[in-house]
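Right, one structure below, let's go through it.
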Amino acid sequence: MTQPSYVPIVEADQVRPAYRLRTPLPWKADRVADLRAPGQPRDKDMGVPGPDQGYALLLAQRLFEERLQLAPGITADDALTGAAEVASARAAIFGRAPVARDVEMALTLFGFLGDGPHDLLEWRTALFRAASHHYEQRRRIVDAVSEPTLRMTPEQVHARLGQWQELVNLS
67 MTQPSYVPIV
77 EADQVRPAYR
87 LRTPLPWKAD
97 RVADLRAPGQ
107 PRDKDMGVPG
117 PDQGYALLLA
127 QRLFEERLQL
137 APGITADDAL
147 TGAAEVASAR
157 AAIFGRAPVA
167 RDVEMALTLF
177 GFLGDGPHDL
187 LEWRTALFRA
197 ASHHYEQRRR
207 IVDAVSEPTL
217 RMTPEQVHAR
227 LGQWQELVNL
237 S
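67 is the number of the first residue of the sequence shown in our numbering; add one for each residue after it.
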């Protein structure tokens, strides 16, 4: 609201001239790390982009760490980190951040919540050993799970755990 002209105002309260910003120059992707093509790049070891993927590890630690059934050679950090990566990939397929059901599906698939066949438990030991320390190992864990499996619910995965070889890529 303007002030009437007959009311005195101090110098500090006077209206100051606005700063004029110059028109910005046109922008183009010319820096080294700029993406030049539309969309995200895809490659074997680049992962699956999705929102708030770090939340999967927090969920795994808070909700499932006490329920883990570990084998010798796998630490809780290895199991939770690998499962969080799979949960993040599952959530990214649906275009959302990870939720507890994503982590539950991943832990169920690899037999960390119990009821895993003996041959699955042997196979996962080599896959998850030191996964919390090695990015390449975590990429192998995610690559071992096919997209149709990622789209399954934890109950569907649990029901088919007896045929676990059909749910994962063994190569």
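Don't be surprised by glycine CBs; every beta carbon is placed ideally from N, CA and C.
Next item on the list: Quick one: measure Cβ to Cβ for Ala210 and Asn235, integer angstroms, because I've assumed they're closer than 8 Å.
Entry: In the sequence shown, counting from the first residue as 1, residue 210 sits at position 144. In the sequence shown, counting from the first residue as 1, residue 235 sits at position 169. Rounded, the Cβ-Cβ distance is 5 Å, consistent with contact.
Note to self: Since Ala145 and Leu136 should fall inside the 8 Å C-beta cutoff, what is the C-beta to C-beta distance between them, to a whole number of angstroms?
What the structure shows: By one-based count along the sequence shown, residue 145 stands at place 79. By one-based count along the sequence shown, residue 136 stands at place 70. Confirmed, Cβ separation roughly 6 Å.
Next item on the list: Quick one: using the 10 Å Cβ neighbour count with 16 as the cut-off for buried, is Phe178 buried or exposed?
Entry: Here residue 178 refers to the residue found at position 112 when the sequence shown is read from its first residue. By the neighbour-count definition (other C-beta atoms within 10 Å, threshold 16), Phe178 is a buried residue.
Next item on the list: Would you check if the distance between the CB atom of Ala166 and the CB atom of Leu124 is smaller than 8 Å?
Entry: The residue given as residue 166 occupies position 100 in the sequence shown. The residue given as residue 124 occupies position 58 in the sequence shown. Contact: no.
Notebook entry, point to check: Who pairs with Val223 in a beta bridge, going by DSSP?
Noted result: Translated into the one-based positions of the sequence shown, residue 223 becomes position 157. Partner(s): none; Val223 has no beta bridge.
Margin query: Nearest by alpha-carbon distance to Arg217: which of Leu233, Arg205, Ala122, Glu131 is it?
Written below: Against the sequence shown, residue 217 aligns to sequence position 151. For the residues Leu233, Arg205, Ala122, Glu131, the minimum Cα distance to Arg217 belongs to Leu233.
Next item on the list: Please say whether Leu186 and Ala149 have beta carbons closer to each other than 8 Å?
Entry: As a first step, residue 149 must be located in the sequence shown, where it is residue number 83. As a first step, residue 186 must be located in the sequence shown, where it is residue number 120. Contact: no.
Check: Taking Cβ positions, are Ser198 and Asp111 nearer each other than 8 Å?
Finding: Residue numbering aside, residue 198 sits at position 132 when the sequence shown is read from its first letter. Residue numbering aside, residue 111 sits at position 45 when the sequence shown is read from its first letter. No, the pair does not count as a contact, with Cβ atoms beyond the cut-off.
Check: Taking Cβ positions, are Arg206 and Leu193 nearer each other than 8 Å?
Finding: Within the sequence shown, residue 206 is the residue found at index 140, counting from 1. Within the sequence shown, residue 193 is the residue found at index 127, counting from 1. A contact, by the Cβ cut-off of 8 Å.
Check: Looking at Glu151 and Val208, is the spacing between their C-beta atoms short of 8 Å?
Finding: Along the sequence shown, read from residue 1 onward, the residue named residue 208 stands at position 142. Along the sequence shown, read from residue 1 onward, the residue named residue 151 stands at position 85. Yes, the pair counts as a contact, with Cβ atoms nearer than the cut-off.
Check: Quick one: is Thr89 buried, meaning 16 or more other Cβ sit within 10 Å of its Cβ, or exposed?
Finding: What you label residue 89 is simply residue 23 of the sequence shown in a count that begins at 1. Thr89 is exposed by the Cβ-count criterion.
Next item on the list: Measure from the alpha carbon of Asp79 to the alpha carbon of each residue in Arg86, Gln69, Ala103, Gln106, then state which is nearest.
Entry: Counted from its first residue, the sequence shown places residue 79 at position 13. With distances taken between Cα atoms, Asp79 lies closest to Gln69.
Margin query: The alpha helix (DSSP H) that contains Met112, what's its start and end?
Written below: Looking up residue 112 in the sequence shown gives position 46. In the DSSP assignment, Met112 falls outside any alpha helix (DSSP H) and carries neither an H nor an E.
Next item on the list: Count the other CB atoms, across all protein chains shown, that sit within 10 Å of the CB of Leu175; report buried if there are 16 or more and exposed otherwise.
Entry: For the purposes of this step, residue 175 is identified with residue 109 of the sequence shown, where counting begins at 1. It counts as buried.
Item checked: Sheet register partners of Val211 (DSSP bridge) -> By 1-based counting over the sequence shown, the position of residue 211 is 145. For Val211, which the question treats as bridged, DSSP gives the partners Val234.
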